[in-house]
Structure formats: structure tokens, C-alpha cells
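Each remark here refers to the structure printed beneath this line.
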Amino acid sequence: PDLLTLAVDCDDAGKDFSDKLSQSGFPVFLDFPDNKSGKEKVDWNDVLREKKSDLQLMIENAKETLRNQPVRQTSQCLEL
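The sequence shown begins at 1 in full-length UniProt numbering and counts up one residue at a time.
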């Protein structure tokens, strides 16, 4: 392959694996999850769980907003 993208955990094992693969001659692009929390280990499942809960909260907020909006008439209806 021209490029191999690795989505490995942001821990020693993930970094070691990436280093070994890179040293063997494979063109490797490392894609580690952000470690904003400063945890010793962060993996892509942590990121997925965090983003999923954020998305669920946004959906619930949107539903609540829509429920509280009055229905607006955007065009006039003519009775025949």
C-alpha cells in the first residue's frame, strides 16, 4: 500500500507497535486520539463514547427546543 493509517491506542503498546511498523519500512501515518484529559491511556473507544454522549445531549436539546416552539404559519391557505 502507498500509506497505512493506524488508529491505535494512545499508550505505550500502541506507540511501540507504530514505531516497529514504521522502522520496518512501511509508510505509516499515526492517528492517535487526543489526550486532553491527561490519562495514562486513551483509546478510540473513549473518544467514541464521549462524542456519542455529546451528540445525544445536542439531540435532546434540539427536541426540547422544537417542542417549545409555536407552530408558525408560513403561507396562507385558501378554502375552495
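Every residue, glycine too, gets a C-beta built ideally from N, C-alpha and C.
Listed in chain order, the alpha helix (DSSP H) runs fully inside the stretch 33 to 60 amount to none, counting runs of at least 4 residues. Here the C-alpha atom of L3 lies approximately 24 Å from the C-alpha atom of V42.
Between the C-alpha atoms of A62 and D9 there is a straight-line separation of about 33 Å. Membership of L21 in the alpha helix (DSSP H) is indicated by the continuous run 12 to 23. By the 16-neighbour rule on beta-carbons within 10 angstroms, S24 is exposed. In the structure shown, L66 adopts helical secondary structure according to DSSP, grouped into three states.
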